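Written out below as structure tokens is the structure these notes cover.
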Amino acid sequence: EDLNVGLKIQEGVIEGMKDDWLRWCDSNGEILLTGKESADVEKKRVETEKKRAEAEKKRADIEKNRADELEKELSRLKRS
Numbered sequence: 195e196d197l198n199v200g201l202k203i204q205e206g207v208i209e210g211m212k213d214d215w216l217r218w219c220d221s222n223g224e225i226l227l228t229g230k231e232s233a234d235v236e237k238k239r240v241e242t243e244k245k246r247a248e249a250e251k252k253r254a255d256i257e258k259n260r261a262d263e264l265e266k267e268l269s270r271l272k273r274s
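Each position in the sequence shown, counted from 1, maps to that position plus 194 in the working numbering.
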């Protein structure tokens, strides 16, 4: 059975060493990531998502404060 993998040379830094490296690739020539590379990609994705979630929470808090202020203003106007 054909595994649809191959080898190619890629210039880069692996474990702090810059060199030409023999890397596994898929049938389209795309480099298959090492476990550490996959973990690094996932870590960056999680960090990006965390920052996005924090920004969304901040935006939601601002909107809630704005709505609370408008509600207070509406109550004040109804009493007048």
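C-beta atoms are modelled at their ideal positions from N, C-alpha and C, and glycine is treated no differently.
In this text the structure is predicted, and so the values were computed from the model without any measurement.
Report the option in Leu271, Gln204, Arg253 whose CA atom is closest to the CA atom of Leu226.
Gln204
Could you tell me whether the region 195 to 202 touches the region 212 to 228, using the rule of 3 or more Cβ pairs below 8 Å?
yes
In the DSSP output, which residue or residues are listed as bridge partners for Leu216?
Ile203
With a Cβ-Cβ cutoff of 7 Å, do Ile208 and Trp218 count as a contact?
no
What residues are listed by DSSP as bridge partners for Ile208?
Met211
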